[in-house]
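Contents: one structure, followed by commentary.
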Amino acid sequence: MKDYDFYERDSSGRPIYFVQHHESHSHNGMCPHEHWIDLREADIQSISKHGNFNQYRQDVRPADWA
35 MKDYDFYERD SSGRPIYFVQ HHESHSHNGM CPHEHWIDLR EADIQSISKH GNFNQYRQDV
95 RPADWA
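Just so you know, the sequence shown maps onto residues 35 to 100 in this note's numbering.
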């Protein structure tokens, strides 16, 4: 089991989503699961270590995922 974070980027290479992938625990009955943070709305302080990004977090892949 592993947990890791990654960025999804647009066609220009700009990061648009910060994604947390979790295999170590379940969330709403799903394991593995991911949390998506839209970087077009969040700021760097909110996604930094100990930042409060929960207001931006989505527990499913965003609808505009291409």
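C-beta atoms are modelled at their ideal positions from N, C-alpha and C, and glycine is treated no differently.
F71: buried (16+ other C-beta within 10 angstroms of its C-beta) or exposed?
The sequence shown places Ile at residue 71, rather than the Phe named in the question. With 16 or more other Cβ atoms within 10 Å, it is buried.
Tell me the rounded alpha-carbon separation between I50 and A76.
10 angstroms
Per-residue burial, A100 [other beta carbons within 10 Å of its own, 16 or more giving buried]:
With a pLDDT of 47 at A100, under the threshold of 50, the modelled position of that residue is not reliable, and the figure given next carries that caveat. Its Cβ having fewer than 16 others within 10 Å, A100 is exposed.
Could you give the C-beta distance for E68 and D37, rounded to a whole number, given that I count them as a contact under 8 angstroms?
Between D37 and E68 the Cβ distance is about 10 angstroms, and since that is not below 8 angstroms, they are no contact.
Take the Cβ of F40 as the centre, count every other Cβ of all protein chains shown within 10 Å, and call the residue buried at 16 or more, exposed below.
exposed
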